[in-house]
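Beneath this line is the structure, given in structure tokens, with notes to follow.
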Amino acid sequence: MTDLRIGNGYDIHALAEGLPLVLGGVKIPHTKGCVAHSDGDVLLHALCDALLGALALGDIGQHFPDTSEAYRGIDSRRLLEQVVAMVHEAGWYVVNADMTLLAQKPKIAPYVVQMRETIAPLLGVGIDCVSVKATTTEKLGPIGREEGISAYAVVLLGR
Ligand code: MG
Numbered sequence: 036m037t038d039l040r041i042g043n044g045y046d047i048h049a050l051a052e053g054l055p056l057v058l059g060g061v062k063i064p065h066t067k068g069c070v071a072h073s074d075g076d077v078l079l080h081a082l083c084d085a086l087l088g089a090l091a092l093g094d095i096g097q098h099f100p101d102t103s104e105a106y107r108g109i110d111s112r113r114l115l116e117q118v119v120a121m122v123h124e125a126g127w128y129v130v131n132a133d134m135t136l137l138a139q140k141p142k143i144a145p146y147v148v149q150m151r152e153t154i155a156p157l158l159g160v161g162i163d164c165v166s167v168k169a170t171t172t173e174k175l176g177p178i179g180r181e182e183g184i185s186a187y188a189v190v191l192l193g194r
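Each residue of the sequence shown is one higher than the one before, starting from 36 at the first, in the working numbering.
Below you can see the structure in the form of structure tokens.
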């Protein structure tokens with residue numbers, strides 16, 4: 036029997052006018068973007084936390100503190116690469132990842148395939164092992180009022 040580990044991750048960022056919006060490594064045209072020390076890619080941050088969580092390696096804030104100049108404006112794909120390297124160094128591989136974005140606007144569906152194509156090689160898996168789903172919150176709460184975007188991620192690791 037293969038050794039398996041599961042991990043989950045969550046992240047939320049506030050939205051502000053005039054900032055670039057990057058989700059799942061894909062730049063999405065929108066009037067607002069995520070307020071963050073990094074590029075604010077909430078989806079990749081949730082994914083990083085899920086990977087770290089699966090191996091009880093702490094969280095993204097611990098590994099990439101937002102007080103560090105090294106991470107100011109950083110492309111979150113670089114953070115994901117470092118986290119996946121930690122997973123591989125520990126002797127594990129990614130089996131699959133399933134993510135859900137919560138955003139009232141913009142429409143995420145047109146970008147889902149591009150996100151999966153961006154994330155899959157970073158995880159070292161095929162696109163069929165990377166799921167990105169999106170939902171609104173039916174205009175309820177801070178996400179529904181377009182004050183922020185949040186994301187959940189679950190990953191399975193094997194060795
Ligand atoms: Mg974050």
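All C-beta atoms, glycine included, are put in the ideal place defined by N, C-alpha and C.
Is residue i close to the ligand MG? I mean its beta-carbon at under 8 Å from any heavy atom of the ligand.
i: Gly75; result: yes
What three-state label does DSSP hand residue i in the structure shown?
i: Gly96; result: helix
i: Ala186; result: strand
i: Val70; result: coil
i: His80; result: helix
i: Val165; result: strand
i: Glu52; result: strand
i: Thr153; result: helix
i: Leu90; result: coil
i: Val160; result: coil
i: Ile178; result: helix
With residue i and residue j assumed to form a contact (beta carbons below 8 Å), what rounded beta-carbon distance in angstroms separates them?
i: Ile154; j: Val165; result: 5 Å
i: Val167; j: Ala85; result: Between Ala85 and Val167 the Cβ distance is about 13 Å, and since that is not below 8 Å, they are no contact.
i: Leu90; j: Cys69; result: Not really, about 26 Å apart at Cβ, beyond 8 Å.
i: Arg151; j: Ile143; result: So it is not a contact: roughly 12 Å between Cβ atoms.
i: Gln112; j: Gly60; result: Here residue 112 is Arg; the residue named in the question, Gln, does not match the sequence. Their Cβ separation, rounded to whole angstroms, is 5 Å, which keeps Arg112 and Gly60 in contact under 8 Å.
i: Leu87; j: Gly42; result: 7 Å
i: Glu182; j: Leu50; result: 6 Å
Of all residues in the structure, which have a C-beta closer than 5 Å to any heavy atom of the ligand MG, taken in chain order?
Qualifying residues come out as Asp46, His80.
Along the chain, which unbroken stretches of the alpha helix (DSSP H) at least 4 residues long are found entirely within the segment 102-138?
111-124
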